[in-house]
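*Asks:* Take a look at the following structure, please.
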Amino acid sequence: MKTPRTVQESLDAIDAWEPHIHAFLEAFHETDELRRSPEVTEGLLQGLPIAVKANIATTSGHTSASSKILKNFKSPFNATAVQRLLDAGVVVVGKTQEDEFGMGSSTENNGLPPQTKNPWDISRVAGGSSGGSAAAVASGEVFMALGTDTGGSVRQPASFCGVVGVKPTYGRVSRHGLLAYGSSLDTVGVLTRRVADAARMLEIMAGPDVLDATSSLEKGGNYADACKKDIAGLKIGMPKEFFAEGIDPEVKTIVQAAIYSLEKQGATVREISLPLTPAAIAVYYLIAKAEASSNLARFDGLRYETVDTNTKNLIDYYKHIRGEGFGEEVKRAVLMGTYALSSGYVDEWYGKASKVRTLIRKEYEQAFQNVDVIACPVSPEAAFLLGSKSSDPLAMYLADAYTVPMSVAGLPAMSVPCGMTKNNLPVGLQIITPHFAEETMFAVASAYEDAHTWKDLTPTLPK
Amino acid sequence: MITKEEVKKIADLARLHLSDADASGYALDISGVLENFETIRSLDTASVAAQDAASGLKNVTREDVVRENILGTPKELLKNAKTKDGYVVVKAVFSEAEVL
């Protein structure tokens, strides 16, 4: 399965794969939606087909976040990340499926149909919440896809679908135009087949933006050049808590072998300890849900679309619209977040979580005194079967144990394919560096990719 | 830990219509999750400041000038809403019974 470099190749792949995997909420076949920037007539990215997750604003198609409450919403503007890519010449070919508002780890919490499936095995999940974006890249439907990563939503589906997934440092890429979930955690990330392609895309998206006051004032780096850097002498830390109880033994063996293989390229690997790792899930979910309950207050059924109802007054209208329009997990998030912020409980839950967040951040700062890079698994297991966790919210939350600590600490982290299980399912290696040290992260990911052949494996079109 | 009645009260604050059965289900779910999250309570944070943003920025400012239509005209920005004379049309705030 080749990586498409023209819009036509992309549309052909979409026609072939979509009936099996449903990566897209909508693919644009009409030319008026397939808009490109008329000023760009040449350049490396001219005409490259990309997909954009449904919770990132585009003037083409809908920006629904896969929620019934926004099913008809058309954004009047493009997100900054999208606009910068359009200005470089890419073409947006469609909007990808996701867990509603980014809340989930399997793309099974989609508020709008259909169900995304893993291109490697259509009985399994693509991961989430950027499952559609990961599946679209893995199947060769697009050259690159944008996703969002609040607690692992780019890295985990990238790992499950065998593609490269990058979550930049918090603030590295503008959040303008990203439909907010947890504002202190949200990032816009990229998914591609190859490390260098992700680096190039991030290079274009990164940098300050007047439309997002939390975007970093630091200039973006030369990420594509960083992919050619030597990793000899780099110190890599392998945190023992990520290989403890709960990890699938096969995943453990594959990831350990991948990390030690970097020694052949001159890096040194040592075991480190991050004892607060088990606390990160609680910290992450308390903060994310609290922020979500506040962010989702804006969906009132009035400003983004209006629905005819039989309600008597405004309060009834709000309750009806929100009760009907939000899916089960989103309602759970709003309820839990409202509870964690309510008078009498706020210190005990949100306040406590915010303080432990400081401790986690410091723990990583300390670890980076002794190592340049931290390497570990992305997920304790490979892609799981559709439906196997969807009835148990706690089990689904716990599956995020290896991706939420970096989100809580605001660190850059990426997933790079590092092996296949006996069931022919991809496994990802997670590479983490200090804040704004994406160059080192890309250097290690690229060195690993060069030395192995996982990049050449692609899924086969189901019959 | 969190009761069905508490869930209904929170739902009311969050402007969410919930059926009785839904409220019971959420009470059970959320109690289970919070029980699991209790582990962080035992961590010592007496001398720790809360962390809210990860990138370490403070006091981001801009020039004190008006930037017209930076995201589009009011008309473009309101295109998804039902409007009249440039205002968003809403239901009556009070029902008739309350007015009487």
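Protein sequence lines correspond, in order, to chains A and B.
This note's numbering puts the first residue of the first sequence at -15, with every later residue one more than the last.
This note's numbering puts the first residue of the second sequence at 13, with every later residue one more than the last.
Don't be surprised by glycine CBs; every beta carbon is placed ideally from N, CA and C.
Do A/Tyr386 and A/Gln414 have their C-beta atoms within less than 8 Å of each other?
*Replies:* Contact: yes.
*Asks:* B/Asp41 touches chain A at which residues, Cβ-Cβ below 7 Å?
*Replies:* Result: Arg316, Pro377.
*Asks:* Closer than 9 Å, Cβ to any Cβ of chain B: which residues of the segment 247 to 268 of chain A, in chain order?
*Replies:* Those would be Leu260, Pro262, Ala263, Ile265, Ala266, Val267, in chain order.
*Asks:* In three-state DSSP terms, what is A/Met404?
*Replies:* Note: A/Met404 maps to strand in three-state DSSP.
*Asks:* Looking only at its chain, what residues have a beta carbon closer than 6 Å to the beta carbon of A/Pro98, apart from the 5 residues adjacent to it on each side?
*Replies:* Excluding sequence neighbours, A/Pro98 sits near His6.
*Asks:* So is B/Leu112 in contact with chain A if we call contact Cβ pairs under 8 Å?
*Replies:* Any reading at B/Leu112 must be qualified, since the residue scores a pLDDT of 48, below 50, and its modelled position is unreliable; no value is offered.
*Asks:* Could you spell out the range, first to last residue, of the beta strand (DSSP E) harbouring A/Ala11?
*Replies:* Where A/Ala11 is concerned, the enclosing beta strand (DSSP E) stretches over 8 to 11.
*Asks:* With burial defined as no fewer than 16 other Cβ atoms inside 10 Å of the residue's Cβ, what is the status of A/Pro233: buried or exposed?
*Replies:* So A/Pro233 ends up on the exposed side.
*Asks:* What runs of the alpha helix (DSSP H), each 4 residues or longer, lie entirely inside the segment 70 to 146 of chain A?
*Replies:* Fully enclosed alpha helix (DSSP H) runs of 4 or longer: 115 to 122, 139 to 145.
*Asks:* I'd like the list of long-range same chain contacts for A/Ala448, defined as Cβ closer than 7 Å, with 5 residues on each side in sequence excluded.
*Replies:* With chain A covering -15 to 447 only, the question about residue 448 of chain A has no answer from this structure.
*Asks:* Roughly how many angstroms lie between the CA atoms of A/Thr252 and A/Gly221, to the nearest whole one?
*Replies:* Straight-line Cα distance between these residues: approximately 9 Å.
*Asks:* Just confirm the distance between the C-beta atoms of A/Arg341 and A/Val392, as a whole number of angstroms; I'd bet it's less than 8 Å.
*Replies:* Rounded, the Cβ-Cβ distance is 5 Å, consistent with contact.
*Asks:* Using a beta-carbon distance cut-off of less than 7 Å, what residues from the segment 50 to 75 of chain B approach chain A?
*Replies:* Against chain A - using a Cβ distance shorter than 7 Å - the residues of the segment 50 to 75 of chain B are Thr51, Ile52, Arg53, Leu55, Thr57, Val60, Ala61, Ala62, Gln63, Asp64, Ala65, Ala66, Ser67, Leu69, Val72, Arg74.
*Asks:* Checking contacts by CB at 8 Å: is B/Gly98 closer than that to chain A?
*Replies:* Chain A, which has no Cβ nearer than 8 Å to the Cβ of B/Gly98, makes this no.
*Asks:* Output, in chain order, the set of chain B residues within a Cβ distance shorter than 9 Å of A/Tyr165.
*Replies:* By Cβ distance, chain B contributes nothing, its closest Cβ being about 15 Å from A/Tyr165, past 9 Å.
*Asks:* Would you check if the segment 359 to 368 of chain A and the segment 273 to 292 of chain A touch, i.e. whether three or more CB-CB distances between them fall below 8 Å?
*Replies:* At 8 Å Cβ cutoff, the stretches do not touch.
*Asks:* In whole angstroms, what separates the C-alpha of B/Ser31 from that of B/Val19?
*Replies:* B/Ser31 and B/Val19: Cα-Cα distance of roughly 11 Å.
*Asks:* Using 8 Å as the Cβ pair cut-off and three pairs as the minimum, do the segment 133 to 148 of chain A and the segment 105 to 117 of chain A touch?
*Replies:* Yes: at least three Cβ pairs fall under 8 Å.
*Asks:* Which term fits A/Gly115, buried or exposed, when burial requires 16 or more other beta carbons within 10 angstroms of its beta carbon?
*Replies:* With 16 or more Cβ atoms within 10 Å of its Cβ, A/Gly115 is classed as buried.
*Asks:* Could you pull out every unbroken alpha helix (DSSP H) segment of at least 4 residues lying fully inside the segment 338 to 418 of chain A, listed in chain order?
*Replies:* For the segment 338 to 418 of chain A, whole alpha helix (DSSP H) runs of length 4 or above, ordered along the chain, are 377 to 382, 388 to 393.
*Asks:* What did DSSP end up calling A/Tyr301 once you bin it into helix, strand or coil?
*Replies:* In the structure shown, A/Tyr301 sits in a helix (DSSP, three-state: H, G or I).
*Asks:* Residues in the same chain with beta-carbon distance under 7 Å from A/Tyr268, minus the five sequence neighbours each way, listed in chain order, please.
*Replies:* Only Gly135, Val388, Ser391, Val392 meet the Cβ criterion.
*Asks:* Grab me the residues of A/Ser326's own chain with a C-beta within less than 7 Å of its C-beta, minus the 5 sequence neighbours each way, in chain order.
*Replies:* Nothing meets the Cβ criterion.
*Asks:* Please report how far the alpha carbon of A/Val75 lies from the alpha carbon of B/Arg53, in whole angstroms.
*Replies:* Near 49 Å, if we compare the C-alpha coordinates of B/Arg53 and A/Val75.
*Asks:* Against chain B, does A/Val194 count as a neighbour if the rule is that its beta carbon must be under 8 Å from one of theirs?
*Replies:* Interface residue, yes.
*Asks:* How about A/Lys151 and A/Asp170: do their beta carbons lie closer than 8 Å?
*Replies:* Contact: no.
*Asks:* Quick check for students: name the residue ranges of the alpha helix (DSSP H) that lie wholly in the segment 174 to 212 of chain A, counting only runs of 4 or more.
*Replies:* Counting whole runs of 4 or more residues, the segment 174 to 212 of chain A contains the alpha helix (DSSP H) stretches 179 to 189, 207 to 210.
*Asks:* Going by other Cβ atoms of all chains shown within 10 Å of its Cβ, with 16 needed for buried, is A/Asp384 buried or exposed?
*Replies:* Classification of A/Asp384: buried, given that the 10 Å Cβ count is 16 or more.
*Asks:* How would you list, in chain order, the residues of chain A whose beta-carbon sits under 9 Å from the beta-carbon of B/Asn81?
*Replies:* The premise fails here: B/Asn81 is roughly 11 Å from chain A at the closest Cβ pair, so nothing lies under 9 Å.
*Asks:* What do you reckon, are the CB atoms on B/Val45 and A/Tyr244 nearer than 8 Å?
*Replies:* Taking 8 Å as the Cβ cut-off, B/Val45 and A/Tyr244 do not qualify as a contacting pair.
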